[in-house]
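The opening position of the sequence shown corresponds to residue 358 in our numbering, with each subsequent residue numbered one higher.
Ideal Cβ positions, reconstructed from N, Cα and C, are used throughout, including at glycine.
These notes concern the structure reproduced below.
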Amino acid sequence: QHRGGPLTESYASQKLGLWARRAGVNPALTLNDARGTAATNLIRAGVKLDKMAVCMGWSIKHAAAVIEHYVSVDRSCADEVLAILEAHRAKGEQKRLL
């Protein structure tokens with residue numbers, strides 16, 4: 358048990374696991390998943406890829422790969438794109454009717 362000494366990898370891992378279980382976090386998720394989700398949220402908020410990469414300590418190439426992975430597994434992103442396309446299509450239909 359940690360008593361004010363140096364933080365060990367084992368202790369940190371044990372405590373993070375405990376906190377995650379208490380919070381109801383899916384046990385299959387990792388800290389890397391949390392970072393990937395955070396990066397995806399930054400991009401969605403309008404932060405440019407190069408700025409996000411600097412903030413996360415990643416190369417731009419790695420940041421792009423992370424975003425590509427997390428967007429591909431995020432159904433809500435695909436749903437958002439579909440809604441935008443459908444709205445655009447509906448707007449095009451309205452223009453044709455005028």
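Check	Outcome
Only counting the same chain, and skipping five residues up and downstream in sequence, which positions put a Cβ closer than 6 Å to that of Ala460?	The shown model of the chain, from 358 to 455, leaves out residue 460, and the question about it has no answer.
So, at 6 Å on beta carbons, what are the nonlocal neighbours of Leu399 in its own chain, with the 5 sequence-adjacent residues on each side left out?	Met409
Go through the region 384-426 residue by residue and report every complete run of the alpha helix (DSSP H) that reaches 4 residues or more, in order.	388-401 and 406-413
Going straight from the alpha carbon of Asp436 to that of Glu443, what length do you get?	10 Å
Counting along the chain, where does the alpha helix (DSSP H) carrying Leu373 start and finish?	Glu366 to Ala380
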